[in-house]
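S.K.: Here you go, one structure.
There are 2 protein chains.
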Amino acid sequence: MSNVPSLPVTPRESTADSVSGQENSEARERVLAAAYDLFSHKGVRGVGVDSIIASAGVAKRTFYRHFRAKENLVLAFLQRREQLWTMGWLEAEVTNRAAAPEQRLLAIFEVFDDWFRRDDFEGCSFINVLLETAEPGNHVRQASATHLARIRDFLQRLAEDAGISQPDDFARKWHILMKGSIVAAGEGDQLAARRAREIGLTLLRAEGVKVSRQGDGKRPLAERPISTHHRPVTLSSNAVPSKKT
Amino acid sequence: MSNVPSLPVTPRESTADSVSGQENSEARERVLAAAYDLFSHKGVRGVGVDSIIASAGVAKRTFYRHFRAKENLVLAFLQRREQLWTMGWLEAEVTNRAAAPEQRLLAIFEVFDDWFRRDDFEGCSFINVLLETAEPGNHVRQASATHLARIRDFLQRLAEDAGISQPDDFARKWHILMKGSIVAAGEGDQLAARRAREIGLTLLRAEGVKVSRQGDGKRPLAERPISTHHRPVTLSSNAVPSKKT
DNA sequence: AAACGGGTATACCGCTCTGTCTACCTTCGG
DNA sequence: CCGAAGGTAGACAGAGCGGTATACCCGTTT
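So the sequence lines, in the order shown, correspond to chains A and R. Note that the first sequence covers residues 1 to 245 in this note's numbering. Note that the second sequence covers residues 1001 to 1245 in this note's numbering.
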């Protein structure tokens, strides 16, 4: 049973790993959910396979039946992070909060503002993994870069919709603001999102975009039904919680 | 005997670690120099004590005579990074390239532009260490945050000199641009520094600062005597290079 | 009924890492 | 001359890591 697994276990999450071709196992899902929590908060190098299987309540053999090696789990984690965080949370939340493209760009930092205030703020897993993996050729590192690029694609689409002349350059600039504010938040600056928003505002205006002020500070924040943050409903502290969490 | 050690071995680098009170040993200096290269390029978690002592050509016993534990070496490394990178390179280079405070702020990104193009670009060790150390209370993590704050102090001084109204807020914003561009460069965007510079320019103007254009693009780059980059003259590939570098 | 696929539990291997310990060598000052 | 300080070399302990192997259990399918 276990209350509501993070993802409905439905379809193939791509990159075939499972031995017999079926990646929709319950055990696999528990592992992935446990890995999501642990990896996103403690980093992929800081969490061992033993911790994950203990937290997932799964046998080691079962783990290695679904993932050839730890690296494969990490790659699967990054993909799930994109589903849950990038798409299921950030993009959804932004799209929900504003309609005009330039307002959506600004809304990113309003979403970040809430995020940075969370006591269990984890930072951006893509950045974290990228930076804790030194070797340039690494699979995991490249995957992180790809997922970051996909965030940039979202920004670029918004820039195009806003009629900005050089959407790629603009998206990369906006991404610099996002990444910079995330690192600043990790450093402890809880106001980082507001600062980044202000920079973004001047940047938009310099770009010739007319941005109708609907609150320079906080948003009206009427109804916002989505998102209980991008965290999957973690399976309630299963089984042996391992020794040294 | 070993060509020009990175620092003249002269005075106390604070935080007494050495057993008998003298931290000006030659062996200690070799260790610190080796650690600087390895840590800054491969991360502090990715480099073991064995690699360091092999690269430094020093016995293990000697290492532990000077550093109670690896953590103490890491802290010493961060301090040296501040001396060599923050002060000896970034601040010196910026101060050398421009005189007016607003020009110095912009010069940061011109210095970064050169830096990002290096093939052995290592990123900001303070950010790297901060992000690869998950636990919030950690000594090393806090030390990294402190060193980052000291960079911000430099920015704040420049902001004050430029007559900017809220220097702390401005410094934090500028730092967001710096950190964001560094991460972007780590991701592979070699133009990140120029993008950040452009953002900074609009930000300065929005702040009411008159910035006389002396080249919107590249600088005149006349004489610039300082800096062969912040890298200490690494002791030429000493001793046993260990097995698996 | 038998076979099989997937799950559990646990021991184990080999490697790496931090840190200690033994033993010897060199230099230098009283 | 001798002893202490600081150095070298290398074995070693103990822990954690990723990954494998053994043995058993259970439900479904054939």
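Where is the CB? At the ideal position from N, CA and C, for every residue including glycine. Computed from a predicted model, the values in this text were never measured in an experiment.
For A/A222, which of helix, strand or coil comes out of DSSP?
M.R.: For A/A222, the predicted model reports a pLDDT of 49, less than 50, meaning its position is unreliable; a value from the coordinates is still stated below. DSSP places A/A222 in coil when its eight states are reduced to three.
S.K.: Just the C-alpha distance for R/E1110 and R/R1205, rounded to the nearest angstrom, thanks.
M.R.: Rounded to the nearest angstrom, the two C-alpha atoms are 18 Å apart.
S.K.: Near R/N1238, which residues of its chain fall below 6 Å by C-beta distance, leaving aside the five closest residues on each side in sequence?
M.R.: Note that R/N1238 scores a pLDDT of 40, beneath 50, so its modelled location is shaky; the value from the coordinates is reported in the next line. Excluding sequence neighbours, R/N1238 sits near G1057.
S.K.: What residue from R/V1209, R/W1174, R/V1211 has the CA that sits closest to R/R1195's CA?
M.R.: Nearest C-alpha to R/R1195: R/W1174.
S.K.: DSSP state of R/H1230, grouped into three classes?
M.R.: DSSP places R/H1230 in coil when its eight states are reduced to three.
S.K.: How big is the Cα-Cα spacing for R/D1161 and R/P1101?
M.R.: R/D1161 and R/P1101: Cα-Cα distance of roughly 6 Å.
S.K.: Which of the three DSSP states is assigned to A/T95 in this structure?
M.R.: Looking at A/T95 - three-state DSSP - the assignment turns out to be helix.
S.K.: So with Cβ pairs under 8 Å, would you call A/V183 a contact of chain R?
M.R.: Yes, its Cβ sits closer than 8 Å to a Cβ of chain R.
S.K.: How many angstroms separate the CA atom of R/G1208 from the CA atom of R/L1158?
M.R.: About 15 Å.
S.K.: Using a Cβ-Cβ cut-off of 8 Å (strictly less than) and excluding sequence neighbours within five positions of R/H1139, which residues of its own chain qualify?
M.R.: E1071, L1075, listed in sequence order.
S.K.: So, is the C-beta of A/H230 closer than 8 Å to a C-beta in chain R?
M.R.: Taking Cβ atoms only, chain R never reaches closer than 8 Å to A/H230, which makes this a no.
S.K.: Can you list the alpha helix (DSSP H) stretches of 4 or more residues lying completely in the segment 1101-1163 of chain R, in chain order?
M.R.: The segment 1101-1163 of chain R contains these whole alpha helix (DSSP H) runs: 1101-1117, 1125-1132, 1139-1161.
S.K.: The alpha helix (DSSP H) that contains A/T62, what's its start and end?
M.R.: Unbroken alpha helix (DSSP H) run through A/T62: 60-66.
S.K.: Is there a Cβ from chain R that is less than 8 Å from the Cβ of A/E132?
M.R.: Answer yes: the Cβ-Cβ gap between A/E132 and chain R drops below 8 Å somewhere.
S.K.: Among the candidates A/E29, A/K210, A/L73, A/E26, whose CA atom is the shortest distance from the CA of A/V49?
M.R.: Checked all of A/E29, A/K210, A/L73, A/E26; the closest Cα to A/V49 is A/L73.
S.K.: Report buried or exposed for R/A1099, applying the criterion of at least 16 other Cβ atoms within 10 angstroms of its Cβ.
M.R.: That one is exposed.
S.K.: What is the DSSP secondary structure of A/L207, reduced to helix, strand or coil?
M.R.: The residue asked about is misnamed: residue 207 of chain A is Glu in this sequence, not Leu. Residue state, collapsed to three classes: coil.
S.K.: Report the three-state DSSP secondary structure of A/D50 (helix, strand or coil).
M.R.: Helix at A/D50.
S.K.: Among the candidates R/A1035, R/L1106, R/I1052, R/H1066, whose CA atom is the shortest distance from the CA of R/V1211?
M.R.: Of R/A1035, R/L1106, R/I1052, R/H1066, the residue nearest in Cα terms is R/L1106.
S.K.: Any beta-carbon of chain R closer than 8 Å to the one on A/K210?
M.R.: No, because no Cβ of chain R sits closer than 8 Å to the Cβ of A/K210.
S.K.: Is the CB-CB distance between R/R1081 and R/V1094 below 8 Å?
M.R.: Taking 8 Å as the Cβ cut-off, R/R1081 and R/V1094 do not qualify as a contacting pair.
S.K.: Residues of the segment 44-67 of chain A with a CB closer than 7 Å to any CB of chain R: list them in chain order, please.
M.R.: Within the segment 44-67 of chain A, the qualifying residues are R45, G46.
S.K.: Using the three-state DSSP reduction, which class does A/V31 fall into: helix, strand or coil?
M.R.: A/V31: helix per DSSP, three-state reduction.
S.K.: Under 7 Å between beta-carbons, which chain A residues line up against R/E1102? List them in chain order, please.
M.R.: Ordered by position in chain A, no residue passes the 7 Å Cβ test against R/E1102, which lies about 15 Å from the chain.
S.K.: Taking just the CA atoms, how far does A/F77 sit from R/D1119?
M.R.: The alpha-carbon atoms of R/D1119 and A/F77 are separated by roughly 30 Å.
S.K.: Note down, in chain order, each residue of its chain lying with its Cβ closer than 7 Å to the Cβ of R/R1172, except the 5 sequence neighbours on either side.
M.R.: Contacts found: R1152.
S.K.: For a contact meaning CB atoms closer than 7 Å, what does A/D169 contact in chain R?
M.R.: R1195, listed in chain order.
S.K.: Span of the alpha helix (DSSP H) holding R/Q1079?
M.R.: Unbroken alpha helix (DSSP H) run through R/Q1079: 1070-1081.
S.K.: Would you say A/V128 faces chain R, with C-beta separation under 8 Å as the test?
M.R.: Looking at the sequence itself, residue 128 of chain A is Asn, so the reference to Val does not match. Yes, A/N128 counts as interfacial toward chain R.
S.K.: Rounded to whole angstroms, what's the CA-CA distance from R/D1113 to R/A1193? Just pull it up for me.
M.R.: The alpha-carbon atoms of R/D1113 and R/A1193 are separated by roughly 5 Å.
S.K.: What number of angstroms, rounded off, separates the C-alpha of R/D1168 from the C-alpha of A/L191?
M.R.: Whole-angstrom Cα-Cα distance: 12 Å.
S.K.: Taking just the CA atoms, how far does A/I53 sit from R/G1186?
M.R.: Going from the Cα of R/G1186 to the Cα of A/I53 covers about 32 Å.
S.K.: Please state whether DSSP places R/S1181 in a helix, a strand or coil.
M.R.: Reduced to three states, the DSSP call for R/S1181 is helix.
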